[in-house]
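Visitor: The structure is given below, and queries will be raised subsequently.
Protein chains: 2
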Amino acid sequence: MPNPTAAMLVIGDEILSGRTQDTNTNHLATELTAVGIDLREVRVVSDEPSDIIDAVDALRKRFDYVFTSGGIGPTHDDITADCIAQAFGVGIDVREDARAILATNYKNPEVELNEARLRMARIPDSADLIDNPISKAPGFRIGNVHVMAGVPAVFHAMVESVLPTLTGGAPLLSLSVRFKVPEGRFASRLSEIAAANPDLSFGSYPYIKDGVFGSNIVVRGTDPDRLDAARLALETMEKEFSS
Amino acid sequence: MPNPTAAMLVIGDEILSGRTQDTNTNHLATELTAVGIDLREVRVVSDEPSDIIDAVDALRKRFDYVFTSGGIGPTHDDITADCIAQAFGVGIDVREDARAILATNYKNPEVELNEARLRMARIPDSADLIDNPISKAPGFRIGNVHVMAGVPAVFHAMVESVLPTLTGGAPLLSLSVRFKVPEGRFASRLSEIAAANPDLSFGSYPYIKDGVFGSNIVVRGTDPDRLDAARLALETMEKEFSS
C-alpha cells in the first residue's frame, strides 16, 4: 500500500520578500518522512485571500494531508483562519473553547484579552483545535487541513501535537554515500544501479567544497535489507571511480 | 504601473524529504525584491515528470517570470530540461553551443565529456543559454521560464547572469521596527496605522527570544518619504506601548 501523501502551504509575504528564510517546511518534511507520510508538494503564497483559498483548495483535493504555516496571529495581516473557513464554505467566529484556552495565557484576561487577541480565538465551524503549549493560541484542523502558526517554536510544538493523530505508512529509510568525484564520472554506472533496483529511489546531490566537486548519493526505500544491498553496490562503485 | 511578478519552482525530492534545507528561494527572493520584481508564489515539487510539467505550465501562465532550481545535472534523476521541453511542446537534444561550452570544463573532453555529462548539453529548441561561470554546464531560458541549477553556488551565479536581462519595477523598500512587547497589545493600533496608509504594506512578524514575546513590524513601499512617515508613526506607537 503506498504511503499517505501530504502538502505544505506556507503563508506569508515575509518569505516571498526574502526577509525571512522558511525553516518550517524542512522541519515538517523531516517529521513526516520519519512516520511514513510522503510530503509531495510545498507552496508559498502571499497574504492575499484569493491566493490562500485557491492553494488550500487545490492541495486538499490532491493530497491526504495538508499543513499550513503562518497568518493566525492577532494582527490585521493574519487572515489564514478566515480564508480556510471560506475554502471549506463554513462560518467562523470567536469560539468559546478557543477563548477559554487563550485566556489562560494572561494574568488578567478581562483586560489583556483585547479585541485583537480575540481574533486568535476565531475558529472555523466544525474544526478541532490543535494544542499550542508555547503561547496557548490554538491551531486547528478542518477536514484534512491542519492550520498552524508561523513562528518556528510554535509551529514545531503544534506539529508535535498533530503527529499522533496522523495515519503514517512505512517509514522511508535512507542511506547516504559521499563520492568525492564529480557526478558526471559515475552517472552512467549509477543509472544502471538505479535501473537494477526499481524498488529503491536513487538521488545524486552534487556539492562543491573548497573548489572540489563531489556528490552525495542518497538511496531511499522502506526495506532495510534492500538498502544494505544498495550500499554494497555503491561502495563497489566508489572503489572503481575514486581510484 | 504594478511591478512585474515572478514565481519560483524548486524541483527535488531532497527538499521534500527534509534532507536538504532549500536556500535558493530566499536568495532569489532577496535579489528580485531589490530590482522591483514581486515574487508571488513558490512551489516545491518532486522529481516526477507530470508534477514538474503541471507546475511549470500553471506558473508560466500566471506570472511574468518563472525561475526553476534543480534537476539539470548529468544523472538519471535530472529530468527538468526534458520536462520543460514537453511543457513548451518543443524538441530537445544535445545542442552544439551548449556542448562547446561544456567541453571547456574538461582537460580532455573527448574522454571526459561522456554520455552522462552530455545530458547537460540537452537544451530545448529555441531556448537561450544561461551562463554558468562555476561549472560551465549552462542553464537556459525559454519563454518566460529560467531553468537553473540546484547547487546553491551555481544557482547564485546563474541568477547573477539572468538579472540584467529582466525588466524590473520600482524596488520595494522596507523598514523594520522591533517591538519588545507581544503583538497582541498593539495590534489594534497597528491596524489603524495600516488603514491610514493604504499605499504601504504593514506586516507583523512575532518572535520569541529568551522566553520573551515580541514582534518585528515591517513596512514595505516604493516611496522613501512615505516610509519615513510610517517610521515616525511606529516610533510614536512604540513609546506608547513599551512604557
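These protein sequence lines are chains W and D, in that order. Numbering-wise, this note's numbering puts 158 at position 158 of the first sequence, and it's gapless, one number per residue. Numbering-wise, this note's numbering comes out as the position in the second sequence, counting from 1, plus 1000. Glycine residues also receive a C-beta, built at the ideal position from the N, C-alpha and C atoms.
Tell me the rounded alpha-carbon separation between HIS1146(D) and PRO1198(D).
Guide: In the second sequence, counting from the first residue as 1, residue 1146(D) sits at position 146. In the second sequence, counting from the first residue as 1, residue 1198(D) sits at position 198. Approximately 34 Å between the Cα atoms of the pair.
Visitor: For the candidate residues ALA87(W), PHE202(W), ALA137(W), whose alpha-carbon lies nearest to that of GLY221(W)?
Guide: Counted from its first residue, the first sequence places residue 221(W) at position 221. Nearest of ALA87(W), PHE202(W), ALA137(W) to GLY221(W), Cα basis: PHE202(W).
Visitor: When you compare each of ARG178(W), GLU238(W), VAL162(W), ASP223(W) to LYS209(W) by their alpha carbons, which one comes out closest?
Guide: Position 209 of the first sequence holds residue 209(W). It is ARG178(W) whose Cα lies nearest to the Cα of LYS209(W).
Visitor: GLU1183(D) touches chain W at which residues, Cβ-Cβ below 7 Å?
Guide: In the second sequence, the residue the question calls residue 1183(D) occupies position 183. The contacting residues are GLY73, PRO74, THR75.
Visitor: Could you give the C-beta distance for THR23(W) and PRO152(W), rounded to a whole number, given that I count them as a contact under 8 Å?
Guide: On the first sequence, position 23 is the one that residue 23(W) refers to. On the first sequence, position 152 is the one that residue 152(W) refers to. That belief holds up - the Cβ atoms of THR23(W) and PRO152(W) are roughly 6 Å apart, short of 8 Å.
Visitor: Does ALA1099(D) get closer than 7 Å to chain W when you measure Cβ to Cβ?
Guide: Counting from 1 along the second sequence, the entry for residue 1099(D) is found at position 99. Here the sequence assigns Arg to residue 1099(D), which means Ala is not the residue at that position. Output row for ARG1099(D): interface = no.
Visitor: Using a Cβ-Cβ cut-off of less than 9 Å, list which residues of the stretch 1007 to 1032 of chain D approach chain W; keep chain order.
Guide: Answer set for the stretch 1007 to 1032 of chain D: MET1008, VAL1010, GLY1012, ASP1013, GLU1014, ILE1015, LEU1016, SER1017, GLY1018, ARG1019, THR1020, GLN1021, ASP1022, THR1023, THR1025, ASN1026, HIS1027, LEU1028, ALA1029, THR1030, GLU1031, LEU1032.
Visitor: For PRO164(W), name the three-state secondary structure that DSSP assigns.
Guide: Indexing the first sequence from 1 puts residue 164(W) at position 164. Helix, per DSSP.
Visitor: Excluding five sequence neighbours on each side, which residues of the same chain lie with their C-beta closer than 7 Å to the C-beta of PRO49(W)?
Guide: As a working note, residue 49(W) is residue 49 in the first sequence. Excluding sequence neighbours, PRO49(W) sits near ILE79, CYS83.
Visitor: Below 8 Å, how does it come out for the stretch 1002 to 1020 of chain D and the stretch 1058 to 1066 of chain D: are there three or more Cβ pairs, yes or no?
Guide: Contact between the stretch 1002 to 1020 of chain D and the stretch 1058 to 1066 of chain D is present, because at least three Cβ pairs lie under 8 Å.
Visitor: Quick one: which chain W residues come within Cβ less than 8 Å of SER1135(D)?
Guide: Numbered from 1 along the second sequence, position 135 holds the residue referred to as residue 1135(D). Within chain W, the residues near SER1135(D) are ILE208, PHE213.
Visitor: In the DSSP assignment, find the beta strand (DSSP E) that holds GLY1214(D) and state where it starts and stops.
Guide: Here the question's residue 1214(D) lines up with position 214 in the second sequence. It spans 1212 to 1221 - the beta strand (DSSP E) in which GLY1214(D) sits, taken as one unbroken run.
Visitor: Within the stretch 111 to 177 of chain W, note down every full alpha helix (DSSP H) run reaching 4 residues or more, in order along the chain.
Guide: Correct list: 115 to 118, 152 to 162.
Visitor: Just mark SER1191(D) as buried or exposed, buried being the case when its beta carbon has 16 or more other beta carbons within 10 Å.
Guide: As a first step, residue 1191(D) is located in the second sequence; it is residue number 191 there, counting from the start. Buried, because 16 or more other Cβ atoms sit within 10 Å of the Cβ of SER1191(D).
Visitor: Consult DSSP for MET8(W) and reduce its assignment to one of helix, strand or coil.
Guide: In the first sequence, the residue the question calls residue 8(W) occupies position 8. Note: MET8(W) maps to strand in three-state DSSP.
Visitor: In terms of residues, what are the limits of the beta strand (DSSP E) holding THR80(W)?
Guide: Here residue 80(W) refers to the residue found at position 80 when the first sequence is read from its first residue. Taken as a continuous stretch (DSSP letters only), THR80(W) belongs to no beta strand (DSSP E), being part of the alpha helix (DSSP H) at 80 to 88.
Visitor: Using 8 Å for Cβ pairs, my map puts MET1008(D) next to THR1033(D). What's the rounded Cβ distance?
Guide: For the purposes of this step, residue 1008(D) is taken as residue 8 along the second sequence, with counting starting at 1. For the purposes of this step, residue 1033(D) is taken as residue 33 along the second sequence, with counting starting at 1. Between THR1033(D) and MET1008(D) the Cβ distance is about 13 Å, and since that is not below 8 Å, they are no contact.
Visitor: Got a sec: is the Cβ-Cβ distance from GLY1203(D) to anything in chain W below 7 Å?
Guide: In the second sequence, the residue the question calls residue 1203(D) occupies position 203. GLY1203(D) counts as touching chain W.
Visitor: If we count the other Cβ atoms within 10 Å of its Cβ and call it buried at 16 or more, is PRO104(W) buried or exposed?
Guide: Sequence index remark: in the first sequence, residue 104(W) carries index 104 (1-based). Rather than Pro, the amino acid found at residue 104(W) in this sequence is Thr. When all chains shown are included, THR104(W) counts as exposed.
Visitor: Tell me the rounded alpha-carbon separation between THR68(W) and ALA1055(D).
Guide: Here residue 68(W) refers to the residue found at position 68 when the first sequence is read from its first residue. Here residue 1055(D) refers to the residue found at position 55 when the second sequence is read from its first residue. Near 19 Å, if we compare the C-alpha coordinates of ALA1055(D) and THR68(W).
Visitor: Find the residues of chain D that neighbour ARG43(W), judging by a C-beta separation of less than 9 Å, and give them in chain order.
Guide: Residue 43(W) sits at position 43 when you count from the first residue of the first sequence. What ARG43(W) touches in chain D: GLU1041, VAL1042, ARG1043, VAL1044.
Visitor: Short of 6 Å in beta carbon distance, which residues of its chain neighbour ASP1038(D), apart from the five on each side in sequence? Order them along the chain.
Guide: As a working note, residue 1038(D) is residue 38 in the second sequence. Answer for ASP1038(D): ASN1003, THR1005, listed in chain order.
Visitor: Closer than 7 Å, CB to CB, is THR1035(D) near chain W or not?
Guide: As a working mapping, residue 1035(D) is identified with position 35 in the second sequence. In the sequence as displayed, the identity of residue 1035(D) is Val instead of Thr. Chain W, which has no Cβ nearer than 7 Å to the Cβ of VAL1035(D), makes this no.
Visitor: Please state whether DSSP places LEU1039(D) in a helix, a strand or coil.
Guide: Taking the second sequence and counting its residues from 1, one reaches residue 1039(D) at position 39. If DSSP states are grouped into helix, strand and coil, LEU1039(D) belongs with the strands.
Visitor: Specify the secondary structure class of VAL56(W) as computed by DSSP and reduced to three states.
Guide: Here residue 56(W) corresponds to residue number 56 of the first sequence, with the count starting at 1. The answer is helix: DSSP assigns VAL56(W) an H, G or I state.
Visitor: Chain W beta carbons: is any one of them nearer than 7 Å to that of ARG1059(D)?
Guide: Residue 1059(D) sits at position 59 when you count from the first residue of the second sequence. The sequence shown places Leu at residue 1059(D), not Arg. No, no contact with chain W.
Visitor: Using the beta-carbon of each residue, which ones in chain D are nearer than 8 Å to SER188(W)?
Guide: Locating residue 188(W) in the first sequence gives position 188, counting from the first residue. Chain D residues near SER188(W): ASN1114, GLU1115, ALA1116.
Visitor: Please report the straight-line C-alpha distance between GLU238(W) and SER1126(D), rounded to a whole angstrom.
Guide: What you label residue 238(W) is simply residue 238 of the first sequence in a count that begins at 1. What you label residue 1126(D) is simply residue 126 of the second sequence in a count that begins at 1. Each residue's Cα considered, the two are about 38 Å apart.
Visitor: Kindly list the residues whose CB is nearer than 8 Å to the CB of HIS27(W), restricted to its own chain and excluding five residues on each side of it in sequence; keep chain order.
Guide: One-based indexing of the first sequence puts residue 27(W) at position 27. Only PRO152, PHE155, HIS156, VAL159 meet the Cβ criterion.
Visitor: If you check the beta carbons only, do GLY1214(D) and TYR1205(D) fall under 7 Å apart?
Guide: For the purposes of this step, residue 1214(D) is taken as residue 214 along the second sequence, with counting starting at 1. For the purposes of this step, residue 1205(D) is taken as residue 205 along the second sequence, with counting starting at 1. Taking 7 Å as the Cβ cut-off, GLY1214(D) and TYR1205(D) do not qualify as a contacting pair.
Visitor: Taking DSSP's pairing of strands, which residues face PHE67(W) in a bridge?
Guide: What you label residue 67(W) is simply residue 67 of the first sequence in a count that begins at 1. Answer is MET8(W), HIS146(W).
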